[in-house]
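Residue numbers (my numbering): 487 to 738. Quick reminder that beta carbons are idealized off the backbone N, C-alpha and C, glycines included. Bear in mind that the values here come from a model prediction, so they are computed numbers and not experimental data. Notes follow the structure.
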């Protein structure tokens, strides 16, 4: 059996590799750490017999992979979600491993894999069901892949971002130390990707982080002006129509 491991925590990846080697008759094709690496690998290789996939990766959610590519091999998710939140898996032909992963749990998942390979099932549809379920559970982006010169990509943690804004039609993220990075998304798309408990869509040009807010000024025409703890070239204005929503968000 050929297995592919996708896990951005080195200790967790090493632990799973050791368990699979101990289980026997399993060849580990590769250990990948990001959505970008997974897309690149599947574009150049045949699908593995089984895929062990962490949900939260260095550059975002693993579910982004399924939105960009159809997959037909059995998938075993590895996650820190509690068992109650994972009840959807019990009605699907996909298994999960709850971290920290142990040997017996892996053996049970491999047994389920054997059943999958002997019973006809549409894995693509099953995976889509799971992806839809977790989308409803508010699995938000934990980092963004940032392109650099020289054909390189680096992960930018969402926790380090102070605000997103549109600069001459280009969406940028401003992080700690006032560094800005180009984001290859629209501001509407970014708004759907980040946790609304931590970020607020102030207006058409800005999405701001709660921790970036320094103070708030009353502005004319019954609006608010939000001042951040780093310099911003333009005023961040909250319209009269959004004041109540903003106050409720900020006071939570």
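- In the DSSP annotation of this structure, the continuous segment of the alpha helix (DSSP H) that includes residue 496 starts and ends at 496-509.
- If only uninterrupted alpha helix (DSSP H) runs of at least 4 residues are considered, those enclosed by the stretch 665-697 are 673-679.
- Straight-line measurement puts the Cα of residue 716 at about 7 Å from the Cα of residue 664.
- By the neighbour-count criterion, in which 16 or more other beta carbons inside 10 Å mark a residue as buried, residue 562 falls on the buried side.
- Burial state of residue 668 is exposed, judged by a 10 Å Cβ sphere holding fewer than 16 other Cβ atoms.
- For residue 720, the closest of 729, 652, 678 by C-alpha to C-alpha distance is 652.
- Taking residue 493 as the centre and dropping the five residues before and after it, the same chain places the C-beta of 499, 540 closer than 6 Å to its C-beta, in chain order.
- Residue 633 sits away from residue 681, with the two beta carbons spaced by 9 Å or more.
- The three-state secondary structure of residue 726, taken from DSSP, is helix.
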